[in-house]
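Single-structure report; data block below.
Here's what the structure looks like:
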């Protein structure tokens with residue numbers, strides 16, 4: 001299975017759409033989309049090579065839009081048990097000023113690109129088995145946005161591609 005997780009914020013609450021290779025995804029027996037408040041997810045079961053490509057999560061309301069992009073490569077692999085590497089986290093802080101009594105929303109870039117450098121020895125056997133989650137969150141004073149990128153080991157089930 002392939003899974004994406006994100007959080008969306010906005011007033012009014014934005015409409016969320018998912019795309020694969022510029023084609024909007026629709027719910028079916030393999031594709032599941034869930035939303036619980038600000039938390040959203042996309043899960044695709046029984047993935048194949050045809051599921052690889054550029055995935056976009058797009059959040060839109062009348063104030064504006066934001067999107068996050070991920071490139072997915074599907075690699076066939078023999079099923080074997082490998083202990084999971086530790087989670088590696090990278091954080092980037094975006095600073096912005098918010099005036100008191102200002103009704104404008106916080107900045108929302110069209111795309112947020114994050115780069116992570118990992119020691120090749122630490123992830124050598126896991127290089128094609130990671131899942132990336134980006135979840136922006138705000139500091140208590142609403143003057144900074146913290147974007148965390150967690151690189152987690154992906155768990156391959158027997159028979160998965």
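In the UniProt record's numbering, the protein residues as written are 1 to 161. C-beta: ideal position from N, C-alpha, C; glycine also.
- One thing to note: residue 31 has its Cβ within 7 Å of the Cβ of residue 44.
- Within the same chain, 53 and 54 come within 7 Å of residue 21 by CB-CB distance, once the 5 residues on both sides are set aside.
- Taken atom to atom, the span from the alpha-carbon of residue 74 to that of residue 40 is near 23 Å.
- Under a 10 Å Cβ-count criterion, residue 8 is classified as buried, with 16 or more other Cβ atoms of the shown protein chains found around its own Cβ.
- The C-beta of residue 37 has fewer than 16 other C-beta atoms within 10 Å across all chains shown, which makes the residue exposed.
- Secondary structure at residue 32: strand, using DSSP grouped into helix, strand and coil.
- In the DSSP secondary-structure assignment, residue 13 is not bridged to any residue.
- Within the same chain, and ignoring the five residues on either side of residue 33 in sequence, the residues whose Cβ sits closer than 6 Å to its Cβ are 27 and 42.
- Short of 6 Å from the beta carbon of residue 15, and not among the five residues preceding or following it, lie these beta carbons of its own chain, in chain order: 60.
- C-alpha of residue 4 to C-alpha of residue 63: approximately 25 Å in a straight line.
- Ranking 72, 65, 29 and 17 by CA distance to the CA of residue 35 puts 17 first.
- Among the bridge pairs identified by DSSP, residue 66 is matched with 59.
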